[in-house]
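Read the structure below first, then the notes.
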Amino acid sequence: MRDPLLIDRVGDTIVWTLNNPEARNPISDAGTIAALEDAVTAVNRDPSVRVAILTGAGSAFSSGGNVKHMLDRAGMFGGTPAELRQGYRHGIQRIPRALHHCEVPTIAAVNGPAIGAGCDLAAMCDLRIASSTAKFAESFVKVGIIPGDGGAWLLPRAVGMARASEMAFTGEAIDAATALNWGLVSQVVEPDQLLPAAHQLAARVAANPPHVLRMTKRLLREAQHQSLESILELSAAMQSIAHHTEDHLEAVGAMLERRTPQFSGR
Numbered sequence: 013m014r015d016p017l018l019i020d021r022v023g024d025t026i027v028w029t030l031n032n033p034e035a036r037n038p039i040s041d042a043g044t045i046a047a048l049e050d051a052v053t054a055v056n057r058d059p060s061v062r063v064a065i066l067t068g069a070g071s072a073f074s075s076g077g078n079v080k081h082m083l084d085r086a087g088m089f090g091g092t093p094a095e096l097r098q099g100y101r102h103g104i105q106r107i108p109r110a111l112h113h114c115e116v117p118t119i120a121a122v123n124g125p126a127i128g129a130g131c132d133l134a135a136m137c138d139l140r141i142a143s144s145t146a147k148f149a150e151s152f153v154k155v156g157i158i159p160g161d162g163g164a165w166l167l168p169r170a171v172g173m174a175r176a177s178e179m180a181f182t183g184e185a186i187d188a189a190t191a192l193n194w195g196l197v198s199q200v201v202e203p204d205q206l207l208p209a210a211h212q213l214a215a216r217v218a219a220n221p222p223h224v225l226r227m228t229k230r231l232l233r234e235a236q237h238q239s240l241e242s243i244l245e246l247s248a249a250m251q252s253i254a255h256h257t258e259d260h261l262e263a264v265g266a267m268l269e270r271r272t273p274q275f276s277g278r
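Here it is in structure tokens:
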């Protein structure tokens, strides 16, 4: 049986590749959900990993939910309304929960269409870059459903409420250039340059102290729903830890000595 998620390591960076190109990499099946969840858990447990890149095999990033399964009412799309609710809660909704709690910065390298839950999957990542062939569609209304995977929370945080509303109410796709203009992605490159560009961005991130990267990500995540006062308190607590790391002393020493720092993760 083919692995639903390919996992490779390049230096400090983990690369996750959705691996069902014939079906355009849907993410609603149990195998893919479990694989993504397990991949995040493995990264969180490995302090030597500093960045994760998520991309898709073949011509698509992800088609989101499996439309054939929707028609057949198969898998998580089957059963009574109560069973469907549980299917979502214990199925595809495990992905946004997992990625939200991923401790390292994540980069979506969007190699092609990111449709429905595939669009939201990209929005679950901290950073996004796109191939010039990429398209993004919050297309749930086109198949008569709502964003069941957290898209109503994710997309406005990526592009603002007005743009997110336009995408969600029309279900229409936007191209990579529009995604760049709207701030959904930070770079658009030619298809053959996508993974090199993702690795270049990952290297820029990974050049920094690993523990501080994880704390910074946690702080940014908490700031999405905490008050300023709460974030100031959390920042003070985290900063007291950061000041006592060997990497902090190495960073300051390297800056004063005008050399490249060598971080140990301590």
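Numbered according to our numbering, the sequence shown terminates at residue 278, and the numbering increases by one at each position without gaps. Cβ atoms here follow ideal geometry from the backbone N, Cα and C, with glycine treated the same way.
Per-residue DSSP class, three states only, for residue i
| i | result |
| --- | --- |
| I107 | helix |
| D183 | It should be pointed out that residue 183 corresponds to Gly in this sequence rather than to Asp. It is coil, neither helix nor strand. |
| D132 | helix |
| T92 | coil |
| I127 | strand |
| L231 | helix |
| A210 | helix |
| A219 | coil |
| S247 | helix |
| L225 | helix |
| H112 | helix |
| L196 | coil |
| P33 | helix |
| H260 | helix |
Sheet register partners of residue i (DSSP bridge)
| i | result |
| --- | --- |
| S143 | V201 |
| S74 | A126 |
| P38 | G76 |
| A120 | L66, R140 |
| A149 | I127, A185 |
Best match in the options for proximity to residue i [C-alpha to C-alpha]
| i | options | result |
| --- | --- | --- |
| G163 | R62, A134, G87, P221 | A134 |
| S74 | R106, V153, E258, T44 | T44 |
| A35 | I157, V217, I26, A72 | A72 |
| H201 | V52, V171, A121, D20 | Looking at the sequence shown, residue 201 is not His but Val. The candidate whose alpha carbon is nearest that of V201 is A121. |
| P16 | R57, L66, P59, V55 | L66 |
| P221 | H255, M179, G277, L139 | G277 |
| P117 | R62, P168, H102, R97 | R62 |
| M136 | F152, V171, K154, G156 | V171 |
| R230 | G68, Q251, A54, Q105 | Q251 |
| A218 | M13, V22, L18 | V22 |
| Q2 | A64, L167, A54 | Lying outside 13 to 278, the shown extent of the chain, residue 2 is not represented and no answer is given. |
| A180 | L192, G195, I158 | I158 |
| A263 | L246, H237, V224, A249 | V224 |
| P125 | F148, L139, F275 | F148 |
| A249 | M227, L261, R101, Q236 | M227 |
| L127 | H113, F89, V79 | Here the sequence assigns Ile to residue 127, which means Leu is not the residue at that position. The shortest C-alpha separation from I127 is found at V79. |
| A146 | T92, A214, G70 | G70 |
| N32 | M13, D24, I26 | M13 |
| P108 | A54, G160, S143, A235 | G160 |
| A210 | F152, G68, R175 | G68 |
| E115 | A54, A42, Y100, R175 | A54 |
| H112 | H81, W165, G90 | W165 |
| I119 | V197, S247, Q238 | V197 |
First through last residue of the beta strand (DSSP E) which encompasses residue i
| i | result |
| --- | --- |
| R21 | 17-22 |
| V27 | 25-30 |
| V63 | 63-68 |
Range covered by the alpha helix (DSSP H) that runs through residue i
| i | result |
| --- | --- |
| I45 | 42-57 |
| A170 | 163-171 |
| I158 | I158 -> no alpha helix (DSSP H), and no H or E assigned at all. |
| A86 | No alpha helix (DSSP H) holds A86; DSSP gives it neither H nor E. |
Buried versus exposed, by CB contacts within 10 Å (16 or more), residue i
| i | result |
| --- | --- |
| L207 | buried |
| D50 | exposed |
| L240 | exposed |
| V155 | exposed |
| D58 | exposed |
| E8 | The question about residue 8 has no answer here: the residues shown for the chain are numbered 13 through 278. |
| L244 | exposed |
| P38 | buried |
| N193 | exposed |
| E150 | buried |
Near the ligand ADP: residue i beta-carbon under 7 Å from a heavy atom
| i | result |
| --- | --- |
| V116 | Only the bare structure without any ligand can be found here, which leaves the ligand ADP out of the picture. |
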